[in-house]
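Under the UniProt record's numbering, the first residue of the sequence shown carries the number 1, and numbering increases by one thereafter. Note that the Cβ used here is the ideal one computed from N, Cα and C, for glycine as well. Small disclaimer: the values here were computed from a predicted structure and weren't measured.
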Amino acid sequence: MMGKQPRGALVVFEGIDRSGKTSQTNLLNGALSARGIPSALRRFPDRTTPTGLLISSYLEGQKNLSDQVIHLLFSSNRWEATSEMKETLESGTTLIVDRYAYSGVAYTAAKGAADLDWCKAPDRGLLTPDLVIYFDIPTSVAASRAEYGGERYEKVEFQEKVRSQFAKLGEGDKRWAIVDAARPGEDIHEAVLGLVLEAVERAKNEPLREDLWV
Ligand code: TMP
C-alpha cells in the first residue's frame, strides 16, 4: 500500500499594490511544476464568489461600504475558501496565494479606523501559512511601474501607510520573509524559489495548522 501523501506548503505573497506579486507567483508556479512539485495558484480577494463580487464593486468605486463592513467581507472571502484550500494542501499540492489576511489587516489599519487587534480578530484561526513572502518596495518605485488603474486604494499616500502597517505586522513573525522587490525580476525569482523550496520540504514534516494569530 502507498504511504500517505506529504502535504503541500501554504505560501503567501504580500506587498503593496504593484509590488510584482502577480508576475512572480506565476513564475514560481511554473518553476515548481518544472521540478515536479504539484502546485496551484489562488488569489484574494477571489472576485468570483458572492462576497468577491461585492468586494469588487467596492474596489471599483461602484459601491460604498463602511470600513468595518468591507473588512469583514474580505475576511469572509478567505473563510469561504478555507475548506477547499485545506483539501488541496492535504492532497499534496503546494498553494501559492497572492494576498491573504496580512493584506486584510494592513489595508484596514492604514485607514486609521480600527486598531490592529480589531483588524486581526476576524481572521483568527485561518489556515496558518508556512511562509509569508513580503515584497518590499518603495511606494515611488511601485507607482512608477505602471499607472495605477484607478481602484479605490491605488494612491501613493495611502500605499505609504499600508507599507508601514505591513512592516509592523512582519515584526516578530517567524514565517515572514522580506524580499527586496525593487530588483530585476530574475533576482527576485531566484530568492523566492529558494525560500519556497525550503518551505515545501519543511511542510512535509509539520502538521497543517489552523491557528493564524491565535
Ligand atoms: P488585488 O489588486 O491584489 O486584486 O487586491 C485588490 C485590493 O484589495 C488591493 O488594493 C488590496 C486590497 N485588499 C484589502 O484591502 N483587504 C484584503 O483582505 C485583501 C485580500 C486585499
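DSSP state of residue i mapped onto helix, strand, coil
i: residue 100; result: coil
i: residue 74; result: helix
i: residue 41; result: strand
i: residue 53; result: helix
i: residue 179; result: strand
i: residue 48; result: coil
Any non-hydrogen atom of the ligand TMP closer than 7 Å to residue i Cβ
i: residue 98; result: yes
i: residue 92; result: no
i: residue 20; result: no
i: residue 134; result: no
i: residue 74; result: yes
i: residue 151; result: yes
i: residue 45; result: yes
i: residue 17; result: yes
i: residue 148; result: no
i: residue 125; result: no
i: residue 103; result: yes
Residue i, enclosing alpha helix (DSSP H) - first and last residue
i: residue 195; result: 185-204
i: residue 14; result: Per DSSP, residue 14 belongs to no alpha helix (DSSP H); it is in the beta strand (DSSP E), 10-15.
i: residue 29; result: 21-34
i: residue 63; result: Neither: residue 63 is in no alpha helix (DSSP H) and is coded neither H nor E.
i: residue 231; result: The shown model of the chain, from 1 to 214, leaves out residue 231, and the question about it has no answer.
Of the listed residues the options, nearest to residue i (C-alpha basis)
i: residue 188; options: 6, 27, 10, 18; result: 27
i: residue 61; options: 200, 152, 143; result: 152
i: residue 158; options: 71, 136, 107, 38; result: 107
i: residue 130; options: 119, 140, 198, 193; result: 198
i: residue 76; options: 138, 180, 29, 126; result: 126
i: residue 173; options: 138, 16, 91, 134; result: 134
i: residue 34; options: 214, 193, 202, 201; result: 193
i: residue 79; options: 100, 59, 9; result: 100
Beta carbon proximity, residue i to chain C, threshold 8 Å
i: residue 76; result: No chain C is part of this structure, which consists of one protein chain only.
Extent of the continuous beta strand (DSSP E) run through residue i
i: residue 126; result: Counting along the chain, residue 126 falls outside any beta strand (DSSP E), and DSSP gives it neither H nor E.
Fully enclosed by the region 138-167, which alpha helix (DSSP H) runs are 4 residues long or longer? 139-145
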